[in-house]
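Engineer: Numbered as in our numbering, the sequence shown ends at 855 without a single skipped number.
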Amino acid sequence: MGRGPSIEARKNATDAKRGKIFTKIIREIGVAARAGGGDPANNPRLRAAIDKGMAQNMSKDVVERAIKKATGELEGVEYEEIRYEGYAPGGVAVIVDTLTDNRVRTVAEVRHAFGKCGGNMGTEGSVAFMFKRLGVLSFEGADEDAVTEAAIEAGADDVVVYPEDGAIDVLTSPDAFEAVRDAMTAAGMAPAHAELTFRADNDIAVDGDTAPQVRKLLDMLEDLDDVQAVYSNVDQASLGDA
Numbered sequence: 614m615g616r617g618p619s620i621e622a623r624k625n626a627t628d629a630k631r632g633k634i635f636t637k638i639i640r641e642i643g644v645a646a647r648a649g650g651g652d653p654a655n656n657p658r659l660r661a662a663i664d665k666g667m668a669q670n671m672s673k674d675v676v677e678r679a680i681k682k683a684t685g686e687l688e689g690v691e692y693e694e695i696r697y698e699g700y701a702p703g704g705v706a707v708i709v710d711t712l713t714d715n716r717v718r719t720v721a722e723v724r725h726a727f728g729k730c731g732g733n734m735g736t737e738g739s740v741a742f743m744f745k746r747l748g749v750l751s752f753e754g755a756d757e758d759a760v761t762e763a764a765i766e767a768g769a770d771d772v773v774v775y776p777e778d779g780a781i782d783v784l785t786s787p788d789a790f791e792a793v794r795d796a797m798t799a800a801g802m803a804p805a806h807a808e809l810t811f812r813a814d815n816d817i818a819v820d821g822d823t824a825p826q827v828r829k830l831l832d833m834l835e836d837l838d839d840v841q842a843v844y845s846n847v848d849q850a851s852l853g854d855a
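1) Have a look at the DSSP bridge pairing and note the partners of L809.
2) Give me whichever residues DSSP pairs with D771 in a beta bridge.
3) Within 10 angstroms of its Cβ, does Q826 collect 16 or more other Cβ (buried), or is it exposed?
4) What did DSSP end up calling M671 once you bin it into helix, strand or coil?
5) Hey, is the region 790 to 798 in contact with the region 813 to 825, meaning 3+ C-beta pairs nearer than 8 Å?
6) Indicate the three-state DSSP secondary structure (helix, strand or coil) for M833 in the structure shown.
7) According to DSSP, is V690 helix, strand or coil?
8) Give me the DSSP bridge partner(s) of S845.
9) Please classify L687: is it buried, with 16 or more other beta-carbons within 10 angstroms of its beta-carbon, or exposed?
10) Residue range of the alpha helix (DSSP H) that V740 falls in?
11) CA-CA distance, G735 and A800?
12) In whole angstroms, what is the alpha-carbon distance linking V723 and L712?
13) Relative to the C-alpha of M833, which residue among V676, I680, S751 and G732 is closest?
14) Anyone know if the C-beta pair for I663 and Y844 falls short of 7 Å?
15) Just confirm the distance between the C-beta atoms of N656 and A668, as a whole number of angstroms; I'd bet it's less than 8 Å.
16) Whole angstroms are fine: how far does the CA of P804 sit from the CA of Y775?
17) In this structure, does DSSP put T713 in helix, strand or coil?
18) CB Y700 to CB R640, shorter than 7 Å?
19) Starting from the C-beta of T684, find all residues in its chain whose C-beta is less than 8 Å away, skip the five residues before and the five after it, and write them out in chain order.
20) Distance check for S851 and R660, CA to CA, integer angstroms please.
21) Only counting the same chain, and skipping five residues up and downstream in sequence, which positions put a Cβ closer than 6 Å to that of A785?
22) Taking the straight line between their C-alpha atoms, what separation do you get for V857 and G643?
23) By alpha-carbon positions, which one of G853, V675 and L837 ends up nearest to F727?
24) How long is the line joining the alpha carbons of F752 and I781, rounded to whole angstroms?
25) Check G699 in the structure and name its three-state DSSP category.
26) DSSP beta-bridge partners for V840?
Written as structure tokens, this is what we have:
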């Protein structure tokens with residue numbers, strides 16, 4: 614009878630994944646602070662990055678150190694934002710947002726992932742037109758009427774309910790994201806998760822041998838150290854357990 618991974622092995626894998634998440638958030642905090650200043654009260658992007666770190670139980674010391682490195686109080690590495698676009702198998706559109714201190718390394722790693730999984734990189738703007746930038750506030754186990762009423766009051770654009778699990782998404786424009794989140798939180802409706810993201814206008818379903826190829830590419834891209842976020846227009850339900 615086979616044995617699964619040991620408790621220590623599972624813990625090491627979890628710690629490694631947690632470390633990667635921390636690294637990505639720290640980079641985002643640094644870039645946000647460098648671009649808009651180190652005061653989160655006057656820098657919505659920085660505040661969002663800090664909130665993301667706090668949600669992962671990141672300590673205040675780590676956050677403050679990242680800000681100080683970005684604002685020149687401590688010596689640190691400078692990162693630049695680069696967006697890549699391309700196609701996964703089955704015509705699935707993919708956007709890859711990166712923060713890197715070495716664009717030659719990053720583009721090589723991203724191109725390798727696309728090529729290895731049967732996809733191909735495109736030029737700037739080749740797939741971005743298929744997506745919209747928006748704010749998403751996600752609620753779990755909340756009262757639909759209460760969330761909807763608070764969302765309307767806060768100035769949200771739309772409310773999407775998922776009957777299968779009772780989850781609710783409140784959608785906003787990027788500019789209104791912070792104000793809507795703050796207003797809903799003040800009304801006692803704090804979201805379980807809130808972020809600025811890209812969503813596709815239309816999703817594409819994949820099947821057969823294509824599904825595992827698409828899943829492998831998305832996982833491979835997300836696992837790259839320089840990658841901050843990966844967006845696609847694949848219908849997640851069609852990926853199944855691929």
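All residues carry an ideal CB built from backbone N, CA and C; glycine is no exception.
Structural biologist: To lay it out plainly:
1) Working through the sequence shown from its first residue, we reach residue 809 at position 196. According to DSSP, which records beta bridges pairwise, L809 is partnered with G748.
2) Walking along the sequence shown from the start, residue 771 turns up at place 158. In the DSSP output, where bridge partners are listed per residue, D771 has L784.
3) Reading the sequence shown from its first residue, position 213 is the one you call residue 826. Answer is buried; the Cβ neighbour count reaches 16.
4) Your numbering for residue 671 matches position 58 in the sequence shown. Coil.
5) no
6) Here residue 833 refers to the residue found at position 220 of the sequence shown. Helix at M833.
7) Looking up residue 690 in the sequence shown gives position 77. The answer is coil: DSSP assigns V690 none of H, G, I, E or B.
8) Counting from 1 along the sequence shown, the entry for residue 845 is found at position 232. Its beta-bridge partners are V707.
9) To locate residue 687, count along the sequence shown from 1; it is residue 74. The residue is exposed, with fewer than 16 neighbouring Cβ atoms inside 10 Å.
10) Within the sequence shown, the letter at position 127 stands for residue 740. Counting along the chain, V740 falls outside any alpha helix (DSSP H), and DSSP gives it neither H nor E.
11) In the sequence shown, residue 735 corresponds to position 122, counting from 1. In the sequence shown, residue 800 corresponds to position 187, counting from 1. So the alpha carbons of these two residues sit roughly 44 Å apart.
12) As a first step, residue 723 is located in the sequence shown; it is residue number 110 there, counting from the start. As a first step, residue 712 is located in the sequence shown; it is residue number 99 there, counting from the start. Going from the Cα of V723 to the Cα of L712 covers about 12 Å.
13) Numbered from 1 along the sequence shown, position 220 holds the residue referred to as residue 833. The shortest Cα separation from M833 among V676, I680, S751 and G732 belongs to G732.
14) The residue labelled residue 663 in the question sits at position 50 within the sequence shown. The residue labelled residue 844 in the question sits at position 231 within the sequence shown. No, the Cβ-Cβ distance between I663 and Y844 is not below 7 Å.
15) Within the sequence shown, residue 656 is the residue found at index 43, counting from 1. Within the sequence shown, residue 668 is the residue found at index 55, counting from 1. The Cβ separation is near 18 Å, so there is no contact.
16) Locating residue 775 in the sequence shown gives position 162, counting from the first residue. Locating residue 804 in the sequence shown gives position 191, counting from the first residue. Y775 and P804: Cα-Cα distance of roughly 15 Å.
17) Taking the sequence shown and counting its residues from 1, one reaches residue 713 at position 100. Correct three-state label for T713: strand.
18) Your numbering for residue 700 matches position 87 in the sequence shown. Your numbering for residue 640 matches position 27 in the sequence shown. Not a contact, by the Cβ cut-off of 7 Å.
19) Reading the sequence shown from its first residue, position 71 is the one you call residue 684. Excluding residues within five positions, the ones whose Cβ falls inside 8 Å are A646, R647, G650 and G651.
20) Indexing the sequence shown from 1 puts residue 660 at position 47. Indexing the sequence shown from 1 puts residue 851 at position 238. Answer to the nearest angstrom: the Cα atoms are 35 Å apart.
21) Here residue 785 refers to the residue found at position 172 when the sequence shown is read from its first residue. The amino acid at residue 785 is misidentified as Ala; the sequence shows Thr. Counting only Cβ-Cβ distances below 6 Å, and skipping sequence neighbours, we find G748, A769, D770 and V793.
22) Residue 857 lies beyond the range of the chain shown here (614 to 855); nothing can be said about it.
23) As a position in the sequence shown, residue 727 is number 114, starting the count at 1. Checking every option, the nearest Cα to that of F727 belongs to L837.
24) The sequence position of residue 752 within the sequence shown is 139, counting from 1. The sequence position of residue 781 within the sequence shown is 168, counting from 1. Taking the straight line joining both Cα atoms gives about 5 Å.
25) As a first step, residue 699 is located in the sequence shown; it is residue number 86 there, counting from the start. Of the three classes helix, strand and coil, the one that applies to G699 here is strand, per DSSP.
26) Your numbering for residue 840 matches position 227 in the sequence shown. Paired residue(s): T711.
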